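Undergrad: Could you have a look at this structure, given as structure tokens, before my questions?
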Amino acid sequence: MSLYFKSGSSDKVYHARIEAADGGGYTVNFAFGRRGGTLSTGTKTKAPVDHATARRVFAKLVADKQSKGYTAGADGTPYRHSANAGRVSGLLPQLLNTIDEADAACLVDCPQWVMQEKFDGRRLMLRKVGDAVEGINKLGLIVSVAETIEAAGRLVPGDFVLDGEAVGDCLHVFDLLSRDGTDLRARSYGDRYRALRAVIGDADTAAAAVVAECWVDPAEKAHQLDEVRGRNAEGVVFKRWDAPYTQGRPSSGGTQRKLKFVATASAVVTAINRQRSVRVSLLQGATWLDVGAVTVPANQSVPQIGDVVEVRYLYATPGGGALYQPVLLGVRTDVEPPECVVAQLKFKAT
Numbered sequence: 001m002s003l004y005f006k007s008g009s010s011d012k013v014y015h016a017r018i019e020a021a022d023g024g025g026y027t028v029n030f031a032f033g034r035r036g037g038t039l040s041t042g043t044k045t046k047a048p049v050d051h052a053t054a055r056r057v058f059a060k061l062v063a064d065k066q067s068k069g070y071t072a073g074a075d076g077t078p079y080r081h082s083a084n085a086g087r088v089s090g091l092l093p094q095l096l097n098t099i100d101e102a103d104a105a106c107l108v109d110c111p112q113w114v115m116q117e118k119f120d121g122r123r124l125m126l127r128k129v130g131d132a133v134e135g136i137n138k139l140g141l142i143v144s145v146a147e148t149i150e151a152a153g154r155l156v157p158g159d160f161v162l163d164g165e166a167v168g169d170c171l172h173v174f175d176l177l178s179r180d181g182t183d184l185r186a187r188s189y190g191d192r193y194r195a196l197r198a199v200i201g202d203a204d205t206a207a208a209a210v211v212a213e214c215w216v217d218p219a220e221k222a223h224q225l226d227e228v229r230g231r232n233a234e235g236v237v238f239k240r241w242d243a244p245y246t247q248g249r250p251s252s253g254g255t256q257r258k259l260k261f262v263a264t265a266s267a268v269v270t271a272i273n274r275q276r277s278v279r280v281s282l283l284q285g286a287t288w289l290d291v292g293a294v295t296v297p298a299n300q301s302v303p304q305i306g307d308v309v310e311v312r313y314l315y316a317t318p319g320g321g322a323l324y325q326p327v328l329l330g331v332r333t334d335v336e337p338p339e340c341v342v343a344q345l346k347f348k349a350t
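Below is the structure:
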């Protein structure tokens with residue numbers, strides 16, 4: 001079966017099939033990548049299984065890809081198929097490039113850039129139209145949200161689109177993209193943030209939707225940077241006060257950037273080892289590069305081959321890219337395998 005996905009500049013294909021194995025049994029194999037390009041391959045079955053099991057694995061794989069907006073139509077237009085109705089939101093978030101400490105120091109000193117804490121959760125836009133409240137993930141797809149967050153959204157009067165980070169049952173809100181049918185994305189971040197403060201400030205959201213603090217003064221930014229780092233938070237983000245909201249990730253730079261105190265990477269599971277560990281790989285050009293094994297914590301299920309997982313690590317070794325002291329944080333359903341590239345890595349200084 002062939003599935004397709006088109007959104008902005010993305011034009012991807014995903015092939016899945018059940019194949020008879022030598023010696024009996026069946027395997028569920030897949031191939032994916034940019035349409036017309038070299039495809040990466042893998043398998044969902046470590047060893048041959050019976051046909052009924054293979055069909056269940058295959059059906060789960062197809063359902064998972066369709067939930068992310070892939071369709072059987074070669075034009076890759078997910079919202080025209082009734083099976084995917086309501087899944088594609090029509091919105092995409094603005095994504096940030098990572099900067100180093102030297103770049104961050106320059107932005108701290110620059111009054112045109114404001115700073116906020118970077119929260120360790122999942123990107124979530126919250127849209128309310130009338131009485132309907134829905135979440136939108138990093139891929140622009142409609143997803144379920146915690147009941148507390150949905151309830152908080154209902155307490156905010158009027159229609160809106162919020163952008164934030166969901167941490168457990170709380171949404172840390174940092175942007176307001178529309179209000180009562182008016183698109184605010186072309187306005188400056190300063191205007192949007194002040195409007196956000198007015199909107200959330202008027203609602204009793206019971207701490208399930210909290211506006212992220214925003215620091216403008218260079219001295220205050222320097223103080224808060226030390227304070228956030230001292231709490232072992234994930235990092236901080238910098239945003240130009242005068243910039244509009246631009247969906248997607250720029251090839252470099254950008255009007256919103258992030259400094260991460262801890263190194264994390266999204267990687268694809270390419271093998272399952274004994275004793276609860278998996279091997280993970282990253283894309284280097286058109287080739288998958290093995291970057292080591294990571295133990296699966298006792299409180300997590302073992303990911304499947306082909307799953308995208310988030311891994312925290314101390315550093316990556318130059319050349320081979322092996323991750324030092326990796327820790328599995330969990331499966332990422334809002335990240336696609338082509339995004340799992342070597343360019344994410346923080347390498348050990350030489």
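Numbering (UniProt numbering), first residue to last: 1 to 350. Even for Gly, the Cβ is constructed at its ideal location relative to N, Cα and C. Predicted, not measured: the structure shown is a model, and the values here were computed from it.
Give every residue of the same chain whose Cβ lies closer than 7 Å to the Cβ of aspartate 169, excluding the five residues on either side of it in the sequence, and list them in chain order.
TA: Ala146, Thr148, Ile149 and Ala208
Undergrad: Ignore the nearest five residues each way along the sequence and tell me which others in glycine 158's own chain have a CB closer than 6 Å to its CB.
TA: Asp180
Undergrad: Taking DSSP as the reference, what is the three-state secondary structure of threonine 41?
TA: Annotated three-state conformation of threonine 41 is strand, per DSSP.
Undergrad: Once you ignore the five residues that flank glutamine 224 on each side, which residues in its own chain have a CB closer than 7 Å to its CB?
TA: Excluding positions up to five away in sequence, the list reads Met115 and Trp215.
Undergrad: Of the residues Asn232, Gly248, Ser2 and Ser10, which one's Cα is nearest the Cα of arginine 17?
TA: Ser2
Undergrad: Could you work out which residue in Thr317, Thr264 and Ala316 is closest to valine 308 when comparing CA atoms only?
TA: Nearest option by C-alpha distance: Thr264.
Undergrad: How about glutamate 234 and aspartate 100: do their beta carbons lie closer than 8 Å?
TA: Their beta carbons are not under 8 Å apart, which means glutamate 234 does not touch aspartate 100 by this criterion.
Undergrad: I need the boundaries of the alpha helix (DSSP H) containing residue 428, first residue and last residue.
TA: Given a span of 1 to 350 for the chain in the structure shown, any question on residue 428 remains unanswerable.
Undergrad: Just to confirm, is the Cβ distance from threonine 295 to valine 280 under 8 Å?
TA: No, the Cβ-Cβ distance between threonine 295 and valine 280 is not below 8 Å.
Undergrad: What's the C-alpha gap between proline 250 and histidine 51?
TA: One Cα belongs to proline 250, the other to histidine 51, and the distance between them is close to 45 Å.
Undergrad: How big is the Cα-Cα spacing for alanine 212 and valine 173?
TA: 6 Å
Undergrad: Threonine 41 to threonine 246, Cα distance in whole Å?
TA: 33 Å
Undergrad: Go through its chain and collect everything with a Cβ distance to threonine 77's Cβ below 6 Å, but skip five positions before and after it.
TA: Here the model assigns threonine 77 a pLDDT of 38, short of 50, so the residue's position is not dependable, and the following value carries that caveat. So the list is empty, once near-sequence residues are dropped.
Undergrad: In three-state terms, what does DSSP make of glycine 33?
TA: strand
Undergrad: Is glutamine 256 helix, strand or coil by DSSP?
TA: strand
Undergrad: Can you tell me whether DSSP reads isoleucine 99 as helix, strand or coil?
TA: coil
Undergrad: On the DSSP bridge list, what partners appear for valine 133?
TA: Lys128
Undergrad: Please state whether DSSP places glutamine 344 in a helix, a strand or coil.
TA: When secondary structure is reduced to three states using DSSP, glutamine 344 falls in the helix class.
Undergrad: Quick test of the definition: if touching needs 3 or more C-beta pairs under 8 Å, does the region 309-324 touch the region 273-290?
TA: yes
Undergrad: Alpha carbons only, please: which of Asp109, Lys348, Val327 and Asp163 is nearest the one belonging to arginine 197?
TA: Comparing Cα-Cα distances from arginine 197 to each of Asp109, Lys348, Val327 and Asp163, the minimum goes to Asp163.
Undergrad: Is cysteine 214 helix, strand or coil when you go by DSSP?
TA: DSSP, read as helix, strand or coil, puts cysteine 214 in coil.
Undergrad: Per the DSSP calculation, cysteine 170 is bridged to which residue(s)?
TA: Val167
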